[in-house]
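Here the sequence shown stands for residues 1 to 144, where the numbers follow UniProt numbering.
Data block below; observations after.
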Amino acid sequence: MNTKKTTLVLFLLVGVMISSCNLLKGHSANKDDTALAGTWVLNYITGPRIAFEGLYPEKKPTITFDLDKNEINGNTSCNSFGSAIVRDNDKIKFDNPLSTMMACPGNGEATFVSTLLKVETYKVNGDTLSFYTDGIEMMRFAKQ
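Here is the structure:
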């Protein structure tokens, strides 16, 4: 009788272990985690009819990913900001960023934040990070 119970318990434990391994496969880290981590400097943004250098004449926006905390921080070229992020493979969503409130000349900051909030997917290719909306590249960054 004890042998049957022991065998049954062992089969159940093995079954649970196999199921656990299969569940973990579905929740593994995103493949671009190490490539995405770190600080990136904006070098292209779509939309405005003003040259990139005109939007950001003194300082380019930056974004730094902290993937352990699922958040970003950076600078809009004028104010510091931070936001939570949600990622699933190549999909990414930014929460409304919290930022400092200095008065900023021009439209660079507003363009950066509004475009960031529209981003749906991303792709890392070497030292280039691109953000997309509906398959169209919206922003491009270089690794710092």
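C-beta atoms are modelled at their ideal positions from N, C-alpha and C, and glycine is treated no differently.
From a predicted model like this one, the values you see are computed outputs, not experimental measurements.
| field | Cα-Cα separation, Leu67 to Lys143 | value | When rounded, the separation of the alpha-carbon atoms in Leu67 and Lys143 is 16 Å.
| For Pro97 and Gly108, believed in contact at Cβ under 8 Å, the rounded distance | About 15 Å; that fails the 8 Å criterion.
| Residue interval of the alpha helix (DSSP H) (run including Lys118) | Counting along the chain, the alpha helix (DSSP H) containing Lys118 begins and ends at Gly108 to Lys118.
| Assuming Met101 and Asn73 make a contact with CB atoms under 8 Å, what is their CB distance in whole Å? | The C-beta distance from Met101 to Asn73 rounds to 16 Å, too long to fall under 8 Å, and the pair is not in contact.
| Looking at C-alpha atoms only, which residue of Thr128, Thr121 and Thr133 is the closest neighbour of Leu42? | When C-alpha distances from Leu42 are compared across Thr128, Thr121 and Thr133, the shortest belongs to Thr128.
| query | Which value, in whole angstroms, describes the spacing of the CA atoms of Lys59 and Gly47? | reply | Rounded to the nearest angstrom, the two C-alpha atoms are 19 Å apart.
| Continuous alpha helix (DSSP H) stretch holding Thr34: start and end | Element bounds for Thr34: Asp33 to Leu36.
| request: Go ahead and pull the three-state DSSP assignment for Leu55. | output: If DSSP states are grouped into helix, strand and coil, Leu55 belongs with the helices.
| request: Check residue 150 in the structure and name its three-state DSSP category. | output: Because the chain here runs from 1 to 144, residue 150 falls outside it and cannot be looked at.
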